[in-house]
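Residue 1 is where the sequence shown starts when you use full-length UniProt numbering, and the numbers rise one by one after that.
Note that beta-carbon positions come from the ideal geometry of N, C-alpha and C, so glycine has one too.
For clarity, every value in this text was computed on a predicted model and none was experimentally measured.
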Amino acid sequence: MTAVPRLLLITDRTQTVGRPLEAVVAPCVSAGISHVLLRERDLSPTRYDELLARVRACVDEDTVILTRTARSDSAGCHLSHDAPWPTRACALTGRSVHNSDEVQQARINGADFVVVGPYAATTSKPGYGPPLGAPGVRALAADAGNLPVLAVGGVRPTDLDQLAVAGAAGAAVMGALMRAPDPRSLALEYLSAATVFMTSTNSKEQQ
């Protein structure tokens, strides 16, 4: 299995303030973000493939690009909460979840990690219920057991300490990095803060 991300960049080309998506993804990856979810669920398969090719061309070959469906030419996939479980196995499969039942179903299906949210109020993930906050993340992380949990939705660099204490294994970021005037600088802030997840993981392994 490919390593589970501690910091996952989720794309949304509608939030890049007029810039090509590659102009945001490339500096984030150059800063050190190793996992990118090319979400873009509104695109047709043909347009999605075209964008995927452009994104792949702007990052190094070690970057793990997760696609919206399981496919033979991707390092992994990430599924929406209501997407059918793929018949094709992926090296790394994530699932978006919003409640305990969805966490348990992801475990049964064999997900490698889940993304829970929204953590805080955010314009990027409307319509998914009230913010979970740290208590909500803690409850879902407890339900997940050994299944790694990443928090998404309004997550700031200063939130990562609290998320690690709540049991999260990492964080996923979309809007803040998509809209950032200087994506690389903000990515470096997130990456510096995300080292707490390595510390918390090591502590759990030693217990």
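- The continuous stretches of beta strand (DSSP E) do not include Leu177, which lies in the alpha helix (DSSP H) extending over residues Gly175 to Arg179.
- In the displayed model, Val4 falls within coil according to three-state DSSP, outside both helix and strand.
- Partner residues in the beta bridge of Ser96, as assigned by DSSP, are Val115.
- The straight-line gap separating the alpha-carbon atoms of Tyr48 and Pro157 is approximately 30 Å.
- With respect to Ala3, Val64 sits close: the two C-beta atoms are nearer than 9 Å.
- Across the structure, Asn99 and Gly170 are spaced so that their CA atoms are roughly 18 Å apart.
- Taking the CA atoms as reference points, Ile108 sits about 26 Å from Leu9.
- A direct Cα-to-Cα measurement between Ala168 and Val149 gives close to 5 Å.
- When DSSP states are grouped into helix, strand and coil, Leu21 belongs to the coil group.
- About 18 Å separates the beta carbon of Glu61 from that of Leu51, a gap too long to meet the 8 Å contact definition.
- At the C-beta level, Gly18 and Ala187 stay beyond 9 Å of one another.
- Sixteen is the threshold: since fewer than 16 other Cβ atoms of the shown chains lie within 10 Å of the Cβ of Asp73, the residue is exposed.
- In this structure, the alpha-carbon of Thr122 lies about 16 Å from that of Ser96.
- Counting only residues of its own chain and dropping the five nearest sequence neighbours on each side, Val137 has a CB closer than 8 Å to the CB of Val116, Tyr119, Val149, Ala151, Leu163, Ala166, Gly167 and Ala168.
- When DSSP states are grouped into helix, strand and coil, Thr158 belongs to the helix group.
- The DSSP-derived three-state label of Val196 is helix.
- Distance from the CA of Thr67 to the CA of Cys28, rounded to the nearest whole angstrom, comes to 18 Å.
- When the Cα atoms are used, Pro135 and Gly154 turn out to be separated by approximately 15 Å.
- Between the alpha carbons of Leu7 and Trp85 lies a distance of about 24 Å.
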